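Reading through the structure tokens given below for one structure.
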Amino acid sequence: MTAALPTTSSFEIPASAFETFELLRREPIESLSAELLEYRHKITGASHYHLAADNDENVFMVAFRTQPMDSSGVAHVLEHTALCGSKLFPVRDPFFSMIRRSLNTFMNAFTSSDWTAYPFASQNNADFFNLLSVYLDAAFFANIDPLDFAQEGIRVELEDGKPVYKGIVFNEMKGAMSSPTDQLYHQLAHTLYPTTTYHYNSGGDPADIPQLTHQKLVDFYHSHYHPSNAVFMTYGNLAPAVLQQKFEEQALAKFANGEKLESVPEQRYTEPQRVEANYAVDLTEDETLENRTHIVMAWLLPKTTDIKARFALRLVEGVLLEDSASPLRQYIETCGLGESPSPLLGLDDSNFEMSFLCGLQGSNPEQADAFEQGVLNVLKKIAGGDIQTAQVEAVLHQIELQQREIGGGSYPYGLQLLLNGLGSAIHGGDPLPVWQIEPLLAELRENLKDVNYLPNLVREHLLDNLHRVRLVLRPDSEKTTRDQQREQDALDKIEAGLTADDRAKFDSGAAALAERQAQVDDLSILPKVGLVDIPVDLKIQTGETTTLKLGE
1 MTAALPTTSS
11 FEIPASAFET
21 FELLRREPIE
31 SLSAELLEYR
41 HKITGASHYH
51 LAADNDENVF
61 MVAFRTQPMD
71 SSGVAHVLEH
81 TALCGSKLFP
91 VRDPFFSMIR
101 RSLNTFMNAF
111 TSSDWTAYPF
121 ASQNNADFFN
131 LLSVYLDAAF
141 FANIDPLDFA
151 QEGIRVELED
161 GKPVYKGIVF
171 NEMKGAMSSP
181 TDQLYHQLAH
191 TLYPTTTYHY
201 NSGGDPADIP
211 QLTHQKLVDF
221 YHSHYHPSNA
231 VFMTYGNLAP
241 AVLQQKFEEQ
251 ALAKFANGEK
261 LESVPEQRYT
271 EPQRVEANYA
281 VDLTEDETLE
291 NRTHIVMAWL
301 LPKTTDIKAR
311 FALRLVEGVL
321 LEDSASPLRQ
331 YIETCGLGES
341 PSPLLGLDDS
351 NFEMSFLCGL
361 QGSNPEQADA
371 FEQGVLNVLK
381 KIAGGDIQTA
391 QVEAVLHQIE
401 LQQREIGGGS
411 YPYGLQLLLN
421 GLGSAIHGGD
431 PLPVWQIEPL
441 LAELRENLKD
451 VNYLPNLVRE
461 HLLDNLHRVR
471 LVLRPDSEKT
481 TRDQQREQDA
491 LDKIEAGLTA
501 DDRAKFDSGA
511 AALAERQAQV
521 DDLSILPKVG
531 LVDIPVDLKI
541 QTGETTTLKL
551 GE
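Mapped onto the working numbering, the consecutive letters of the sequence shown carry residue numbers 1 to 552.
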């Protein structure tokens, strides 16, 4: 059975599923000139969302619900090690080797707070299926070699007889967590989410990464990287049944039904929380700690899968913070209690439950009470109906433009669409309203005819919402030294217990890793496109050429 897509072209695509999948629904998306085809794998329950479109830049993404319950960085390290060799492609670095052997327009992997995704895109069908075989094998049959864990995650080596921590993710997160903004975000999330996965640093806290072991990584891989816990998403002009046959033959046929991890709502506070913490700051001799405090307020909101609430809260965000004339931003910029708005400002809809953030940077701890009261006063005015109609209309228009003008940037168009829908799909919601926004926008406009609609949103989700956190993050010029000493104390403890056999094992482990890093892999086992696969009319992006003459 075929059906024409809602576009002026003659493009048609068969919606029928491969025999191990069942078609759940098909929905035209006129604004995207596309059609959503949703399927379910009969054995494992894996979801497959296909956006059929007359576009030869086909996109694939498989995403897993990854919900760590510590800050060891297990999901982050797994993203790295899954790309270090698999059952069919046991080379040290198949991912980056394929970048050089492929016509891909995009290849990457992402670790979010509660999901991990592996996307790629290509305009060449042969190349697309080559990449698909590598990605499926990496995702579902990764080797997770102990030496790759040591290289990518964490290991102990001896330097001049003294133990030291090494590892790519360990060093990467040391750099990331030296950022005041990263420290601010994770301190805030730690309190805003007291019991769920967001309480922890999914990327890994350098203080906790050394607790991760190879066995813990393997266990996490087997419990999370299973088709039952996966969402497949594709975009383009390839037939879904053809894609599904590849999924089946190269991965899914080897699995039985498994556990699907569910996103869990946070336990709500019954009263607002006020917390203080410190962040590391390095000062010169002439600098002081004054005017370096961050003051941030945050509210926990409804689920991100509630698309109606999501759009309504985007409207609230815009009315409050869109520009310097918006009431909350105007207060933050002119209150005189800090230097500038916090980098954490606005609606965060990336987690299972959304949050609203606002704050100051360049402040001092004693300003926290005044700032909090000022924010609440602004919200009370808005909840009392002090809203400019023209401002609401401008924000609504901006939301419409942002939703409809997808394109540009570093990601392929199809991948942008898939990532937009992933947040709903991965959390058990429906991604269709994210792509088919016209009914939501029409409903939002209808709701705004009620003059109390927007004030009631502010009152319900902000003013009367008791799950509110105020964080005062103070600068601490000695925190870095304390952190370094804590790390050294742990290493000293390791050294104190070392036997001659232990030292020999560390030395042999370092030698084995160096040997593995130096080995030359047989890359011929990786697929590659040949001249016969490259059409004579291959589209190549072109631009202007400028000749620079030096010395003139």
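For glycine and all other residues, C-beta sits at the position ideal for the given N, C-alpha and C.
Predicted model, so just to flag it, every value in this text is computed and none were measured.
- Secondary structure at G530: coil, using DSSP grouped into helix, strand and coil.
- Residue state for M98 is assigned as helix, using DSSP reduced to three classes.
- Secondary structure of S202 (DSSP, three-state): coil.
- Annotation: the continuous alpha helix (DSSP H) that includes R445 extends over 438-447.
- Counting the other Cβ atoms within 10 Å of the Cβ of E276 gives fewer than 16, which makes it exposed.
- Between D127 and S97 the beta-carbon gap is near 14 Å, outside 8 Å, which marks them as no contact.
- For the 8 Å CB-CB criterion, A75 and A52 do not form a contact.
- The beta carbon of G429 sits closer than 6 Å to those of T305, all from its chain and outside the five residues before and after it, given in chain order.
- Take the alpha-carbon of D114 and the one of Y39: they are about 23 Å apart.
- Under the DSSP assignment, E79 falls in the alpha helix (DSSP H) whose first and last residues are 74-81.
- Exposed is the label assigned to V264, since fewer than 16 other Cβ atoms lie within 10 Å of its Cβ.
- Per DSSP, the beta-bridge partners of I29 are A34.
- The segment 223-240 makes no contact with the segment 161-181, as fewer than three CB pairs between them are under 8 Å.
- For N171, the uninterrupted alpha helix (DSSP H) run begins and ends at 168-176, by DSSP.
- Residue pairing by DSSP puts L51 in a beta bridge opposite L36, Y235.
- Contiguous alpha helix (DSSP H) elements confined to the segment 442-482 occur at 453-458, taking only those with 4 or more residues.
- A direct Cα-to-Cα measurement between A510 and D148 gives close to 12 Å.
- With a contact defined as Cβ atoms closer than 8 Å, P272 and L466 qualify at about 6 Å.
- In this structure, P455 and G385 form a Cβ contact; the two beta carbons are roughly 5 Å apart against a cut-off of 8 Å.
- The beta carbon of L192 is closer than 7 Å to those of A298, L300, S355, V469 in its chain, skipping five residues each way along the sequence.
- Scanning its chain for C-beta atoms nearer than 7 Å, with the 5 sequence neighbours on each side dropped, one finds around I144 the residues T81, L217, V218, Y221, in chain order.
- Per DSSP, the continuous alpha helix (DSSP H) segment holding V319 begins and ends at 307-321.
- Counting along the chain, no alpha helix (DSSP H) covers G346; the unbroken beta strand (DSSP E) around it starts and ends at 346-348.
- Residue F60 holds the alpha-carbon nearest to the alpha-carbon of V134 among S350, F60, N171.
- For E515, the enclosing alpha helix (DSSP H) starts and ends at 500-518.
- Annotation for S424: the continuous alpha helix (DSSP H) segment containing it runs 413-426.
- About 34 Å separates the beta carbon of H41 from that of L313, a gap too long to meet the 8 Å contact definition.
- In this structure, the beta-carbon distance from L360 to I295 falls below 8 Å.
- Around the C-beta of R268, fewer than 16 other C-beta atoms lie within 10 Å, and the residue is accordingly described as exposed.
- Using a Cβ-Cβ distance cut-off of 8 Å, the segment 381-399 and the segment 458-465 are in contact, since at least three pairs of beta carbons, one from each stretch, lie closer than that value.
- In the three-state reduction of the DSSP assignment, E266 falls in the coil class, being assigned neither a helical nor a strand state.
- In this structure, D483 sits away from A63, with a CB-CB distance that is not shorter than 8 Å.
- Relative to the Cα of L337, the nearest Cα in the group D369, G346, G318 belongs to D369.
- Under the DSSP assignment, E249 falls in the alpha helix (DSSP H) whose first and last residues are 240-250.
- If you ignore the 5 residues before and after L243, its C-beta comes within less than 6 Å of the C-beta of T234, all in its own chain and listed in chain order.
- For R155, the three-state secondary structure derived from DSSP is strand.
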